[in-house]
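This report refers to the structure that appears directly beneath it.
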Amino acid sequence: MNHRIIGSTLPVLEVQLQAGESVEAVSGELSWMSASIDMHTTTSLGGGGGFFGMIKRVAGGGSLFMTEYTAQGAPGFVAFATRVPGHILPVDVSAGRTYMIHRHGFLCATPGVELSVGFQQSLGAGIFGGDGFLLQKLAGTCQAFIELDGEVVPYDLGPGETLRVHPGHVGMFEAGVNFGITRIQGIRNMLFGGDGIFLASLTGPGRVWLQSLPLSNLAHALQPYLGSSAGETAVDSGTGAVIGSVLRGLTQR
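Note that my numbering numbers the sequence shown so that position 64 is 192, with each residue one more than the last.
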């Protein structure tokens, strides 16, 4: 299997397959493919064999169904395009090289990929659209392709070195990095600082990849252009949810 990444701002991943070779992706990622590619959609891919395997994948933000694309009888190719400006990163996954990725980061992989929930915590209804904060665990033995939004900024953390990050900017990190959620200190900082209520804490050793364009930031930037009624509704519901999140956070001290 070979691949190429086409473009820069809105890149496309083109995977070239020899006859009999396959690649697996979550449902809905296909952009285009050659005539020799056969599609097979099932719940058993991505390490999802059996009911509990499927539940672990879905709990990590993955889809219920995944599709396998196989070149039948002749070489072919299949392409996956990003949905927002960003980058596509290829990573080699093995027993000693596993990763945590943001919930929408998995694009596709060769057979042998295992997807499951890596971290799950509710941080208040208004902060992440009511979904809380989720990370997928990327494991198995495969080559995988990860979609990160905006520019990608990598850091190599030494033992005990800690980086505090707005959770939306966490794109991917090696599984050996210690991850946690901390609350911003100070009532005025939480209410009026404009930086949210929570920060992710990443402690080395290991490599982390941060993304500059969280989808929540993109949605906020587009609100003024979506019509006054939609914008007002979004702002009103968002403000109420954030205040509710702050109050819930204070009561849980």
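We treat Cβ as the ideally placed atom computed from N, Cα and C, and that holds for glycine.
Since this is a predicted model, take the numbers as computed values, not measurements.
9 Å or more divides the Cβ of V336 from the Cβ of L327.
The beta-bridge partner set that DSSP reports for N306 consists of T331. Looking only at G268, F307 and C270, the smallest Cα-Cα distance to L285 is reached by F307.
Taking 9 Å as the cut-off, the beta carbon of V221 is found no closer than this to the beta carbon of V206. Within a 10 Å sphere around the beta-carbon of L243 sit 16 or more other beta-carbons, which makes this residue buried. Counting C-beta pairs with one atom in each stretch, the segment 223-240 and the segment 269-285 have three or more that are closer than 8 Å, which means they touch.
Contact between G299 and H232 is absent: CB atoms are separated by about 10 Å, not below the 8 Å threshold. Taking each of V143, I309, A349 and F261 in turn and checking the Cα distance to P218, the smallest one comes out for V143. In terms of CA proximity to G201, A147 leads the group V151, A147, T169 and F208.
Assignment of S244 by DSSP, reduced to helix, strand and coil, places it in the strand class. An exposed status is given to A223, since fewer than 16 other beta-carbon atoms sit within 10 Å of its beta-carbon. Beta-bridge annotation (DSSP): S150 is paired with T198. S162 and Y197 do not touch by the CB rule: their CB atoms are close to 10 Å apart, not below 8 Å. Relative to G135, the option among A153, T171 and V212 whose CA is nearest is V212.
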